[in-house]
Each structure stands twice: as C-alpha cells, then as structure tokens.
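Undergrad: Residue numbers (the working numbering), protein chains in the order written: chain A, 1 to 383; chain B, 384 to 527. Even glycine gets a Cβ: it sits at the ideal position worked out from N, Cα and C.
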Amino acid sequence: MNLEDIIQETKTYNCLECGKCTSICPVAKYDPSYSPRGLIESALLGFGDELVFNKELFSCLTCYTCQQECPSDVDFPIFIRKARSIAQDNGQYGVCAHSGQLQSLQRLMTSPVIKQKRLEWLSKEYHVSDKSDVLFWVGCAPYFAPIFEDIEFNALDITKASLRALNLLGIEPKLLPNEKCCGHDALWTGDVETFRKLAEYNAAQIKEAGVKKIVFSCPEGYRTFKLDYPNYVDLGCEVQHISELLAEKIGENGVKFKEIKKKVTYQDPCRLGRHLGVYDAPRKVLESIPGIELVEMRHSGLESICCGTSAWTNCDSYSNMLRVERLSEAVETGAELLITACPKCQTHFRCAMVDKGDEHRTTPKIEVMDLASLVANAIEEGR
Amino acid sequence: MAEFEPQILAFCCNWCTYAAADLAGTSRIHYPPNVRIVRVMCSGMVNPIYVLKAFEGGADGVLISGCHLSDCHYLDGPVKCDAMVEKLRKVLHVLGLEDERLRREMVATSEGVVFARIIKEMVEQLKKLGPSPFSSLRKEKVAV
Numbered sequence: 001m002n003l004e005d006i007i008q009e010t011k012t013y014n015c016l017e018c019g020k021c022t023s024i025c026p027v028a029k030y031d032p033s034y035s036p037r038g039l040i041e042s043a044l045l046g047f048g049d050e051l052v053f054n055k056e057l058f059s060c061l062t063c064y065t066c067q068q069e070c071p072s073d074v075d076f077p078i079f080i081r082k083a084r085s086i087a088q089d090n091g092q093y094g095v096c097a098h099s100g101q102l103q104s105l106q107r108l109m110t111s112p113v114i115k116q117k118r119l120e121w122l123s124k125e126y127h128v129s130d131k132s133d134v135l136f137w138v139g140c141a142p143y144f145a146p147i148f149e150d151i152e153f154n155a156l157d158i159t160k161a162s163l164r165a166l167n168l169l170g171i172e173p174k175l176l177p178n179e180k181c182c183g184h185d186a187l188w189t190g191d192v193e194t195f196r197k198l199a200e201y202n203a204a205q206i207k208e209a210g211v212k213k214i215v216f217s218c219p220e221g222y223r224t225f226k227l228d229y230p231n232y233v234d235l236g237c238e239v240q241h242i243s244e245l246l247a248e249k250i251g252e253n254g255v256k257f258k259e260i261k262k263k264v265t266y267q268d269p270c271r272l273g274r275h276l277g278v279y280d281a282p283r284k285v286l287e288s289i290p291g292i293e294l295v296e297m298r299h300s301g302l303e304s305i306c307c308g309t310s311a312w313t314n315c316d317s318y319s320n321m322l323r324v325e326r327l328s329e330a331v332e333t334g335a336e337l338l339i340t341a342c343p344k345c346q347t348h349f350r351c352a353m354v355d356k357g358d359e360h361r362t363t364p365k366i367e368v369m370d371l372a373s374l375v376a377n378a379i380e381e382g383r
Numbered sequence: 384m385a386e387f388e389p390q391i392l393a394f395c396c397n398w399c400t401y402a403a404a405d406l407a408g409t410s411r412i413h414y415p416p417n418v419r420i421v422r423v424m425c426s427g428m429v430n431p432i433y434v435l436k437a438f439e440g441g442a443d444g445v446l447i448s449g450c451h452l453s454d455c456h457y458l459d460g461p462v463k464c465d466a467m468v469e470k471l472r473k474v475l476h477v478l479g480l481e482d483e484r485l486r487r488e489m490v491a492t493s494e495g496v497v498f499a500r501i502i503k504e505m506v507e508q509l510k511k512l513g514p515s516p517f518s519s520l521r522k523e524k525v526a527v
C-alpha cells in the first residue's frame with residue numbers, strides 16, 4: 001500500500017485544512033510540535049517522506065477525538081495506522097512505550113509451536129465450562145500482571161472479577177488455554193503481518209471451539225474483533241463487551257445488589273466510546289447498583305479525554321500531562337472512585353499516580369477501579 | 384542429521400564478565416563456540432527488550448552476566464538486573480518458554496574458569512531442550 005491509496009481510502013483528500021483536528025487533539029494541546037493537520041498536509045502536498053520519517057507519527061493516540069470535529073469526515077486514526085505500516089516497511093518503528101516489549105511479545109506469540117501457560121491463575125473458585133457456547137477472552141492480562149507489578153496493578157484482578165460476575169449471573173464461560181494476543185497493538189503500530197498471523201490463528205481456535213459469543217473485558221480486544229477481524233478472517237460468532245452483557249442481564253429478575261455508598265465517576269475508554277459508540281451500557285450498569293452516585297467529569301462521553309497512551313506506542317511527558325489533566329478532572333467531581341472499563345486506562349492512571357519523576361507530588365490521587373470489579377463486589381445473589 | 388547446536392547470546396558487563404571471558408581466552412580454557420557475546424557497560428542496563436529481541440532473532444538461550452553484588456562500578460547494577468530478570472522470567476513463563484533458556488550469573492574478572500564452565504553447562508542443557516520455540520521466527524539462518 002502506498003500513500004496515495006491511503007489518502008483515497010481514508011478520504012484525506014477532503015481535508016479543508018481548517019485545523020479543527022489540531023485544536024481539539026489532546027496531544028497537540030501539550031505537545032507543540034505535534035499537529036494532525038500538519039501530518040495530513042505533508043501527505044497531501046506529496047511530502048510522503050516527511051510524514052513517514054516524522055517521529056510524531058507515533059504520537060497519535062488514535063483516540064478518534066479529531067474525527068468527531070472533522071467537517072470533511074477524514075478518518076485520521078486509520079490514516080495514521082496505515083501510514084505507520086509504511087513507516088515500518090521503511091524501518092521506522094517509532095519510540096514505543098516499555099521499549100517495545102509488548103510489541104515484541106506479540107511477535108513472539110506468532111510462533112506456531114509455543115504452549116502458553118496463561119491460565120495458571122485459574123482456581124476452583126471460578127466456574128468455567130468447556131461445553132459453554134460463551135467464550136471469555138482473557139487477552140493480555142496474564143502478561144500485564146507481572147509487567148505492571150511495580151505500579152501495584154494486577155490486570156488479572158479484572159479478569160477474575162469478570163469471571164465472578166459472569167458466574168453470579170449464571171454464565172459459566174469457556175476459556176481458551178492457548179489463545180493469542182488479539183493483535184491490536186501490532187495493528188496500530190503498523191505491523192500488519194504480525195496482526196494477520198495472530199488473527200488467523202485466533203479465528204481458527206475460535207471456530208474449533210464452536211462458540212456463539214465472545215465476551216471481552218478489554219475494549220481494545222473488543223474493537224479488534226468487531227471492526228478489524230472481519231477484514232482479515234471470518235469469525236462466525238457474536239462479540240460483546242462485558243459492560244454490554246452486564247447491562248443486558250442486570251435488568252433480569254433475581255439479580256440482587258449490595259448497597260455501595262460511593263460517589264463515582266466514569267472514564268470512557270476511547271476504544272469503547274468513540275470507536276464503538278458504547279456509552280450507555282457502562283453507565284446503566286453503574287446506575288443500577290444501589291448507593292452508587294454517578295457524577296460526570298468535565299469532558300465525558302464523546303468528548304472524554306484519552307488516558308494518554310494507546311497501543312503502547314508513545315509515552316512521554318506530554319502523555320503524563322494528559323493523565324494528570326484527566327485525574328484532576330476526576331478529582332474535581334468530588335468522586336471517591338474513578339471507574340474505567342479498560343485495563344490499559346487503569347494501567348496508565350495508576351502509573352501516573354506512582355510516578356517517581358513527580359517530585360512535588362502534584363498528581364491528584366483517586367482510587368481507580370474497573371467496572372467489572374465493582375460489579376463483582378456489588379452482586380450479592382445471582383439468577 | 385547433524386547434532387543440534389544451540390546459539391547463546393550473552394550480555395556481559397564490561398568490568399567483570401567480559402574481562403572474565405577475555406581471561407578464559409588468554410588462559411586457553413576450552414569452551415563450546417556456541418556463544419555470542421555482547422558487551423554492555425553494566426548488567427543493570429540490560430533491558431528486557433534486549434532479551435526478547437534475542438529470542439525473536441532465534442537465540443536458543445540468553446545469558447546475562449555481570450559483577451558480583453558488591454563489585455558493581457555503578458553501585459546497584461546487579462540489583463537492578465536481578466529485579467529485571469525476576470520480572471521477565473514470569474513473563475517468559477506465561478509465554479511457555481523453559482526457565483533454563485534465560486540464565487543470570489555473576490562472574491568476576493578473575494573467574495575465567497567459571498565463565499567457561501557456565502557456557503559448557505548451558506550448551507549441554509540447551510542441547511537437551513532442543514531448539515527454542517521461537518526459532519521458527521528467525522528470518523535467516525546464522526551459522527554457528
């Protein structure tokens with residue numbers, strides 16, 4: 001694919017150079033050298049090299065804030081994603097967060113002979129069934145757990161809470177012992193080849209498992225399965241985020257909640273919100289728990305601000321400023337708990353709060369929790 | 384079929400293990416030629432990505448070796464390295480990689496014999512284990 005195809009595909013040629021994207025872009029707000037309009041301009045004027053070899057290419061959060069404002073309907077995140085794959089072909093891999101470990105793990109996972117030990121945390125407490133037609137996608141949580149030990153975040157807590165919530169609602173899901181990463185990060189850093197291999201492998205595993213529905217606790221996996229897999233493989237089943245499933249089931253008779261007296265606020269993950277338009281389901285779940293008072297942040301829903309890093313690409317001081325801004329908004333609401341529905345949002349917020357570089361301790365502190373964890377704590381009796 | 388010859392990538396600290404490897408050479412101690420040494424300034428600077436990239440590149444084993452705890456030129460390099468290796472081991476375990484493929488050692492300048500012994504042991508172990516599960520990702524074969 002060359003730049004011309006990308007311009008055609010993402011309708012970049014419609015760009016009016018109005019600069020609304022740059023004015024609303026959360027990265028451009030802090031990083032003066034980053035400009036979505038500038039990147040588009042260099043592509044349209046034929047300076048492809050300027051775009052491909054620009055280190056700012058990997059600064060985009062692909063959070064879709066710009067597209068909400070764009071009067072010409074330019075699909076900027078996809079434009080960036082495809083430009084990154086040209087950059088990769090030219091040996092430009094960007095400066096990735098965690099030195100690119102997470103991307104490397106995905107490439108290692110493409111090996112056909114590996115036997116992962118990804119379900120060692122699974123105890124008898126959680127009921128899973130091989131006969132079930134609902135599959136729960138564990139995703140990267142077993143990898144995140146050791147990597148993010150030192151920021152006191154265990155991604156498996158979200159997985160366990162999701163399983164507990166599903167069990168309480170009478171669902172005993174199936175788990176795949178050798179599922180591989182969905183490939184989200186590989187795809188968004190431009191490594192299409194790795195993504196294709198992972199997608200083909202996962203699709204074959206899912207077909208073999210013969211399930212009707214896959215439930216995700218991670219919006220990135222959900223987005224990838226819902227919007228990107230159909231372009232590469234045929235899944236033949238329905239996908240759903242756990243918040244949507246909970247919203248559906250909670251209305252049913254017999255589900256009883258304990259009262260949790262807390263004021264909470266909700267962070268819309270970019271993948272779940274702007275990418276897929278799921279805004280109401282998590283809010284409905286929160287509001288159905290007695291005692292929970294939901295207050296919205298200054299920017300919420302469509303306008304909500306990203307947690308600062310996506311697909312483990314860039315993570316710099318500007319990303320941290322973004323996190324601090326978002327955490328301040330959360331604290332401003334007077335809430336005691338910040339609820340997210342994405343393990344990565346939680347990683348990034350927690351990281352900002354334990355940041356050793358923050359000598360003056362100016363980062364606002366608030367407890368962060370996943371929606372699934374809150375629900376698992378609140379459900380008393382299931383169906 | 385020719386016997387499987389494992390390839391080991393060793394990250395050796397400039398001040399201790401690299402000098403020990405040198406000493407092993409100048410003392411004419413024999414050890415298998417399956418190791419490629421990368422000199423780093425301190426074992427504490429070895430980033431997990433170095434190890435992951437080594438496996439991606441087709442290494443069958445990775446050795447990280449540096450000064451003993453009290454010998455570090457930068458005070459706490461080995462402590463950092465130990466913490467990194469401990470964390471990385473857990474990740475590689477989930478990935479299904481055998482524990483023996485990543486080895487962490489401390490070899491001082493005078494311990495040329497120890498260095499040669501470690502390489503010998505590691506080659507024997509890796510021969511038993513066979514090629515790394517990631518060896519198929521290697522784009523081009525490198526001759527041992």
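1) If you drop the 5 nearest sequence neighbours on each side, which residues of the same chain put their C-beta closer than 8 Å to that of A/Glu336?
2) For A/Lys160, report the span of its beta strand (DSSP E) as first-last.
3) If you reduce the DSSP assignment to three classes, tell me which class A/Thr362 lands in.
4) If you pair each beta-carbon of the region 341–352 of chain A with each one of the region 76–96 of chain A, do three or more pairs fall below 8 Å?
5) Please state whether DSSP places B/Val525 in a helix, a strand or coil.
6) By Cβ distance, which residues of its chain are closer than 7 Å to B/Thr400, with the 5 residues on each side in sequence left out?
7) Give the residues from the region 407–437 of chain B that approach chain A closer than 7 Å (Cβ to any Cβ), ordered along the chain.
8) For the region 467–487 of chain B, which residues have a beta carbon sitting closer than 7 Å to at least one beta carbon of chain A?
9) Could you tell me which chain A residues have their CB closer than 7 Å to the CB of B/Pro461, listed as they occur along the chain?
10) Determine whether the beta carbon atoms of A/Ala247 and A/Val215 lie at a separation below 8 Å.
11) Below 8 Å on the Cβ atoms is my contact criterion, and I expect A/Pro219 with A/Ala341 to pass it. Report the Cβ-Cβ distance as a whole number of Å.
12) Within the 8 Å Cβ cut-off, does B/Glu439 reach chain A?
13) Between the C-alpha atoms of A/Val52 and A/Gly277, what's the straight-line distance to the nearest angstrom?
14) Is the shortest distance between the beta-carbon of B/Pro516 and the beta-carbons of chain A less than 8 Å?
15) How is the alpha helix (DSSP H) around B/Tyr401 delimited, first residue to last?
16) Are the CB atoms of A/Leu45 and A/Cys15 nearer to each other than 8 Å?
17) Thinking C-beta only, is A/Ile6 closer than 8 Å to A/Lys131?
18) Check whether chain B comes within 8 Å of A/Ile158, counting only Cβ atoms and requiring the distance to be less than that.
19) Taking DSSP's pairing of strands, which residues face A/Thr340 in a bridge?
20) Evaluate A/Glu17 with the Cβ neighbour count: other Cβ atoms within 10 Å of its Cβ, from every protein chain shown; 16 or more gives buried, anything less gives exposed.
21) Between the alpha carbons of A/Pro71 and A/Pro26, how many angstroms are there, rounded?
22) Between A/Thr194 and the rest of its own chain, which residues show a CB-CB distance below 7 Å, the 5 nearest in sequence each way excluded?
23) Is A/Lys174 closer than 8 Å to A/Tyr126 when the C-beta atoms are compared?
24) Do A/Phe47 and A/Arg84 have their beta-carbon atoms positioned less than 8 Å apart in this structure?
25) Can you tell me whether A/Lys213 is helix, strand or coil according to DSSP?
26) Nearest to A/Leu168 by alpha carbon, out of A/Glu252, A/Met369 and A/Leu322?
27) If we ignore side chains and look at the alpha-carbon of each, how far apart do B/Val527 and A/Leu371 end up?
28) Along the chain, where does the alpha helix (DSSP H) containing A/Cys21 start, and where does it finish?
29) How many angstroms separate the CA atom of B/Lys524 from the CA atom of B/Gly440?
30) Can you list, in chain order, the residues of its chain whose CB lies under 6 Å from that of A/Thr22, leaving out five sequence neighbours each side?
31) Could you tell me whether the Cβ atoms of A/Leu327 and A/Thr363 are closer together than 8 Å?
32) Using a cut-off of 8 Å between C-beta atoms, extract the partners of B/Leu520 located in chain A.
33) Classify A/Pro343: buried if its beta carbon has 16 or more other beta carbons within 10 angstroms, exposed otherwise.
34) Among the residues of its own chain, which have a CB less than 7 Å from the CB of A/Cys66, if the five just before and after it don't count?
35) Go ahead and pull the three-state DSSP assignment for A/Lys174.
TA: Working from what's here:
1) Lys262, Lys263, Val264, Ile366 and Glu367
2) Counting along the chain, A/Lys160 falls outside any beta strand (DSSP E), though it belongs to the alpha helix (DSSP H) covering Ala155 to Leu168.
3) coil
4) no
5) Here B/Val525 scores only 45 on pLDDT, less than 50, and its place in the model should not be relied on; the value that follows carries that caveat. Note: B/Val525 maps to coil in three-state DSSP.
6) Ser448, Gly449, Val490 and Phe498
7) Asn430, Pro431, Ile432, Leu435 and Lys436
8) Lys470, Lys473, Val474, His476, Val477, Leu478 and Gly479
9) Those within 7 Å of B/Pro461 in chain A number zero; the least Cβ separation is about 18 Å.
10) no
11) 6 Å
12) yes
13) 30 Å
14) yes
15) Thr400 to Thr409
16) no
17) no
18) no
19) A/Gln267 and A/Asp370
20) exposed
21) 18 Å
22) Gln106, Arg107, Thr110, Gly183 and Ala186
23) no
24) no
25) strand
26) A/Glu252
27) With a pLDDT of only 40 at B/Val527, under the threshold of 50, the placement of this residue in the model should not be trusted; the figure read from the coordinates follows. Each residue's alpha carbon lies about 53 Å from the other.
28) Lys20 to Ile24
29) Here the model assigns B/Lys524 a pLDDT of 49, short of 50, so the residue's position is not dependable, and the following value carries that caveat. Distance between the alpha carbons of B/Lys524 and B/Gly440 is about 10 Å.
30) Ala28, Ser35, Pro36 and Arg37
31) yes
32) Arg107, Leu108, Thr110 and Ser111
33) buried
34) Cys21, Ile24, Cys25, Pro36 and Phe76
35) strand
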